[in-house]
Amino acid sequence: MENRIKHARPHMTRNEDLIFERSSEGKSGAELPPLDVPPVAAEQVLGVELVRSEIEGFPEVSELEVVRHFTRLSTWNYGIDTGVYPLGSCTMKYNPRVNEAVSQLAGLATDHPYTPEPLSQGCLRILAETARCLLEITGLDAVSLQPAAGAQGELTGLLMIRAYLDDIGRSRKYILIPDSAHGTNPASVTIAGYQVRNLKSDRRGCVDLSALDEAMTGEVAGLMLTNPNTLGIFETDIREICDLVHSKGGLVYMDGANMNALVGVARPGDFGVDVMHLNLHKTFSTPHGGGGPGSGPVAVRKILEPYLPSPIVEPSGDGSYRLNYDRPKSIGRVRAFYGNFGMAVRALAYILAYGPAGLRQATEDAVLNANYVKARLVDLYDLPYDAPSMHECVFSDRRQVAHGVRTGDIAKRLIDYGFHPYTTSFPLIVPGAMMIEPTESASREELDAFIDALLSIAQEAQEEPDTVLKAPHTTRIGRLDEASAARKPVLRWKP
Amino acid sequence: MYPPEFLYTKDHEWIRVDESIGTIGITDHAQKELGDIVFVELPKPGDHVTAKEALGTVESVKAVSEIYSPVTGDVVAVNTKLQDSPEQLNADPHGEAWLVRVRLDDHGETESLMTAEQYQAYLNEEAGH
Amino acid sequence: MRYLPNSDGDRARMLRATGHESIDELFAQIPERLKVRGALNLPGPLSEPEILEFFRQAASQSSREYVSLLGAGAYSHFRPVVIDTLLSRGEFLTSYTPYQAEISQGNLQAMFEFQTLIAQLTGMEVANSSLYDGSTATNEAVLMALRIQSQASQGHRDRVVWARTLHPEYRQVVETYVRQQGIDLHEVPSASSGKIDLAELQSTLNDETAAVVVQSPNFFGVVEQTDRVAAIAHQAGALLIVSIAEPLSLALVKPPSDADIVCGEAQSFGVPVAFGGPYVGFLATREKFIRQMPGRLVGQAYDAQGRRGFVLTLATREQHIRREKATSNICTSQSLFALTVTIYLCLLGKKGLRMLAEHNLAKAHYALERLRTVPGVGVPFSGPHFNEFVVSVPGNAEALLAALREEKIVGGLSLERFYPELKNHLLVCVTETVSKAALGRMADVYRQIVANVPHPRSNAELQATPVGRDR
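Below is the structure:
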């Protein structure tokens, strides 16, 4: 055949342009019904100087092009629906689809936040019922669903500690944070107007009671800790830790990021914790959606209740619910309206689906899965802290580094085997960390395949390290030059 | 490897003193530890810097590191070329990619710094740990 | 349980592999006295039909049968079906933050497109890939301005001046955050136009002022002349932050290109009002301020074979690296809704968005004209409106709202709750979702109710009353 094309461009599914590059004049992907009122001239009602000309560079594409564009983009992602997603500390569990369905119901998706209370009883009831369930699960006394995400929950909790201590005339300067903590902890402490004091972990990777005793001076407002900690280890001395902090006039904040190890088994309120946040997008299965939305309700002990953000949903006595804004000691607002209501809907649907026994079963499965992975990998990967694991386990790349292969390389190679990588390089106290959290959503078959992949990579690291170092080999795109991207950032398309 | 005419700090900065002006940079070891350097934040001429306190930061893709001044004094010159090409710090940390020049307040301060030989020994010791 | 993939047989085999005798052994680290005894007092388990029924029942106790004239930071607009079709793809819905770029190119490219769209709309050079919502985005803009000023200025700038017409709940959020930092907050009232009082603004600024914050269209729906505000702010060495709660206005209204930071709420673009959240905040600025920006940024990058891709970049600003020195404690973004906004804006496109904005403008002005003709109803602010406006009514606004509810209309927001000086004033929002017929019914109710109320002051007198000046 004549004119044979020798170098055809790959299909769009592997080579989709930016939407701006697909745009051509005059197209649109949406039409409006005819205007049923007289048109007005913008120049006339707004004034000529306030009216803009067209938005330069804005896309013009048809509906089908939009559908194809985003469908193609989606195929370059990996989701929980695709397979095992063992990102430690992120709790990538199954996001039940019925939760999405109920959150989109007319009435729940369409009620405006300023809808008069008599007309928004359904939404208020959901908020109240979610709050009640979260209190039962945490063993605490009061909760606010307002914080938009975990980090905002942290800040809210710290501000409440501050307000309480100021109120009783015990103002202090520092918050203690173990060196294994998530980066949001110190960042939140700073924004709350406190200073961070690092607390060194002991050989087990846990809080050292005598170090805590020494650090817990009269200038320290409290301790912020994650339990189980970021190594996946339960702080066995948690009750003693809380008692010690209390005896020295401080309060204990618990980061609830790892609550997936505890639901139905143990309650932070019983540990002596004063305030904590929950991540609905971790423990309670609301979708991560590529990095958000989150939702970070904050639960507290009675003494902190007056300081919760305003408003609070409460029963009004006649079986209905109302929003209480009359809270003179409240730290104020951390977000407009009542928080991520839609996430509360999904979390409640999750809790209802499981029920009390089911929630406990999910916790047990999550812990069993992590211990199974740990038991099967320990021969080929270095385990820096050999304490019993809860819902996640942390290996290090120490043995592979001898061949020049690091945690990031092993993670990239996992992609070629069809798995999402684990969390790399965190917690900071483990050099070359490989943090694995299978969650209860991984089946034994899938875990076996995942474990086999890691065992195979350990072998590759010895025998053909280059294969690992240059991974991934099967994705649409190879490792990107992040250094050049950061030196001369290009953050938007330009014509 | 490490120029004998420089003095070194434990935080991996170097300084070369000519008369009362000290030229300051980070060592080859420091740039290797950081990896690909993507951004450098430096003081302005006229700013005052204090020995052992941060005078700026260097950033790689995934880490930020403070640069501690080996001496106290006023900044008289800044290597503005690093703004546009921070990668020079990876290529030539002991030469083209100097960071700032400082008019020393007190020459005595340099006495506590390490010689090239001492710095090399310090690095060997660090690596042994 | 239907969500759990392992059988009891699987569990037994796995437990054996761990070398433990019982599941309880796995929890041995938890002291016995701290364990829950028995079952928690929780509802469930429910099957899927029961869950659907539970929430359908809750959804029935709602305003879904009502026409809503509520705006005030949350706007009901038509949502094309394709949005949910695309969002329901598990690769979008169930993925995490794109730290592993090679298997996250879909999210990363979409976020790069979001950043571009927001920059184009706001007239700014760069935008981040979303923040929680409009209120927290406004707060982050204030914190960012304070950082820029503390780096740049020799003097001490720790005063923030904002318009009283900035969303009251946005102001409350900023207050909560900056209270710890010794920041001095000042409020500037509005003039009779409903716009910020420029003379008052000028006299409030001094060499300690770090930033000026105005909302446009402001909480009263009045479009500000941000270029004039910018000139006054900049003359005093302050930065200008423009917060935008109804970004659809930007399809018609000149973007605040003279501002230093433009932030706000993008819920209008395809995100359901959902009783207040989740929404999606945005923040755009000038290139020179990139390193002080909060939140995630996606940048263009190339692989070894020269193929274009996208990565999270400038991560050294963020908490997971800089910890207590980070620009913000934010960890999550709102990517799912940033994606929603991206899909929505691509669907509507250049022409569709403009037309939609024109429809909003026309509907709101039709409603405003209908009400203006009702004797006793006042239109206190003379400034230009987009799709929201304030009316004053003689007598009890609550009674009017109740009467409107009888006609299945949620008639707007009574402003007294946030502005005690604006007793019996309603904030009314009319988007393209409200039909002419509904607006007719609304006007009829006004006529009936207002006719029965003696109105001591004439319409003209009401208009002349300067409102918003008293604190």
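Chains as they are written, first to last, in this note's numbering: chain A, 1 to 495; chain B, 1 to 129; chain C, 1 to 471. The C-beta atom is built at its ideal place from N, Cα and C for all residues, glycine as well.
- Taken through DSSP and simplified to helix, strand or coil, S74(A) comes out as helix.
- Interface annotation for the stretch 71 to 95 of chain B against chain A: P86, E87, criterion Cβ-Cβ distance under 7 angstroms.
- A direct Cα-Cα distance of roughly 41 angstroms separates V220(A) from Y354(A).
- Listed along the chain, the chain B residues whose CB falls inside 8 angstroms of the CB of R322(C) are V64.
- Contact of Y170(C) with chain A by beta-carbon distance below 8 angstroms involves A336.
- In this structure, the beta-carbon distance from E53(B) to S65(B) does not fall below 9 angstroms.
- In the DSSP assignment, D270(A) falls within the unbroken alpha helix (DSSP H) covering 268 to 271.
- Counting along the chain, the unbroken alpha helix (DSSP H) around Y446(C) starts and ends at 436 to 451.
- The DSSP assignment places 174 to 178, 195 to 199 as complete runs of the beta strand (DSSP E) inside the stretch 143 to 218 of chain A, in order along the chain (cut-off: 3 residues).
- A straight line joining the alpha-carbon of G295(C) with that of T327(C) spans about 8 angstroms.
- Of the candidates V189(A), A453(A), E460(A), S247(A), the residue whose Cα lies closest to the Cα of M216(A) is S247(A).
- Using a Cβ distance threshold of 9 angstroms, S88(C) and E446(A) do not count as a contacting pair.
- Proximity of K288(C) to chain B, defined by a Cβ-Cβ separation below 9 angstroms, is not satisfied.
- Counting only the Cα atoms, L145(A) lies some 25 angstroms from V341(C).
- Under DSSP, G378(C) forms a beta bridge with S392(C).
- The three-state secondary structure of G277(C), taken from DSSP, is coil.
- Fully enclosed alpha helix (DSSP H) runs of no fewer than 4 residues occupy 48 to 60 of the stretch 46 to 78 of chain C, in order along the chain.
- Using a C-beta cut-off of 8 angstroms, the stretch 272 to 286 of chain A makes no contact with the stretch 195 to 207 of chain A, since fewer than three inter-stretch Cβ pairs fall below that distance.
- The C-beta of A315(C) comes closer than 9 angstroms to at least one C-beta of chain B.
- Short of 7 angstroms from the beta carbon of R308(C), and not among the five residues preceding or following it, lie these beta carbons of its own chain, in chain order: Q300, Y302.
- By the Cβ-count criterion, Y253(A) is buried, with 16 or more other Cβ atoms from all chains shown falling within 10 Å of its own Cβ.
- Annotated three-state conformation of V428(C) is strand, per DSSP.
- Residues of the stretch 25 to 45 of chain B with a C-beta atom less than 9 angstroms from some C-beta of chain A are G35, D36, I37, V38, F39, listed in chain order.
- When beta bridges are read from the DSSP output, V40(B) appears opposite V58(B).
- Going by DSSP, C346(C) is part of no beta strand (DSSP E) but of the alpha helix (DSSP H) stretching over 335 to 372.
- In the pairwise beta carbon analysis, the stretch 403 to 421 of chain A is classified as not touching the stretch 96 to 111 of chain B: fewer than three pairs are separated by under 8 angstroms.
- For the C-beta of R296(C), the chain A residues within less than 8 angstroms are, from N- to C-terminus, G291.
- Note on geometry: alpha-carbon atoms of I168(A) and D10(C) lie some 54 angstroms from one another.
- Contact between V410(C) and S68(C) holds: CB atoms are separated by about 5 angstroms, below the 8 angstroms threshold.
- Residue pairing by DSSP puts Q300(C) in a beta bridge opposite F310(C).
- Neighbourhood of S76(C) in chain A, by CB distance below 9 angstroms: T110, H112, in chain order.
- By the 16-neighbour rule on beta-carbons within 10 angstroms, G277(C) is buried.
- DSSP, reduced to helix, strand and coil, places A238(C) outside both helices and strands of the structure shown, so it counts as coil.
- Look at G73(B) here: in three-state DSSP terms it is strand.
- Annotated as distal: F337(C) and V273(C), with beta-carbon spacing of 9 angstroms or more.
- In this structure, I331(A) keeps its C-beta atom at 9 angstroms or more from the C-beta atom of L323(A).
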